[in-house]
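In my numbering, the protein residues as written are 4 to 155. Here the structure comes first, spelled out in structure tokens, and everything after it is commentary.
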Amino acid sequence: MDMKLSAIVGALLLAMSALFYWYYNDSQSRMAVYSENNARLEVAVQTNQQAISELKLQNYLANAELKKVNTAFSASRQENAQLVDRLSKHEIGVLAATKPALVEGIINNASAKALRCFEILSGSPLTDKEMDAKNAKAFNSECPWLWVSVTP
Numbered sequence: 004m005d006m007k008l009s010a011i012v013g014a015l016l017l018a019m020s021a022l023f024y025w026y027y028n029d030s031q032s033r034m035a036v037y038s039e040n041n042a043r044l045e046v047a048v049q050t051n052q053q054a055i056s057e058l059k060l061q062n063y064l065a066n067a068e069l070k071k072v073n074t075a076f077s078a079s080r081q082e083n084a085q086l087v088d089r090l091s092k093h094e095i096g097v098l099a100a101t102k103p104a105l106v107e108g109i110i111n112n113a114s115a116k117a118l119r120c121f122e123i124l125s126g127s128p129l130t131d132k133e134m135d136a137k138n139a140k141a142f143n144s145e146c147p148w149l150w151v152s153v154t155p
């Protein structure tokens, strides 16, 4: 009976040892998988943080550009209002009927100045007269707002 009991205890110890060996190896392989997944997650978190930082920067730059465009648009609206005001003070049709040569000269002169504004905006170099202008009106009466942006 001692022998049987010893055999049973031995078999139980062997089974328990095998079970603990399997549990240890399984735990180690799971820990290796968890460690690898953790490393991947850390890289993903870092990549996401960099992407968020980049998006915040792009958003800030876009907002700054939008603000600049809105400011320019507002200035353009003010210039248009001034032009409407200037044109509404004069009855060009009546004046053209009574003094066509005078109106033709005024329109041609203003058109040439307006075309020069487009040339300047397109990158054309300033003339000596434009560089020597002392104020915006002397620079170009059709686009005096350009004087501030193109003069040194």
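Glycine included, every Cβ here is placed at the ideal spot set by N, Cα and C. All values derive from a computational prediction rather than experimental measurement.
Annotation: residue 126 to residue 51 spans about 42 Å, alpha carbon to alpha carbon.
Apart from the 5 residues on each side of it in sequence, residue 66 has no Cβ closer than 6 Å to any other Cβ in its chain.
Secondary structure note for residue 128: it is in no alpha helix (DSSP H), with a DSSP letter that is neither H nor E.
A direct Cα-Cα distance of roughly 42 Å separates residue 117 from residue 57. Buried is the label assigned to residue 142, since at least 16 other Cβ atoms lie within 10 Å of its Cβ. Going by C-alpha positions, residue 100 is about 29 Å away from residue 140. For residue 82, the CB contacts under 7 Å within the same chain, skipping 5 residues up- and downstream, are 148 in chain order. With contacts defined as CB atoms closer than 8 Å, residue 87 and residue 98 fail to qualify as a contacting pair.
Here the alpha carbon of residue 23 sits roughly 10 Å from the alpha carbon of residue 30.
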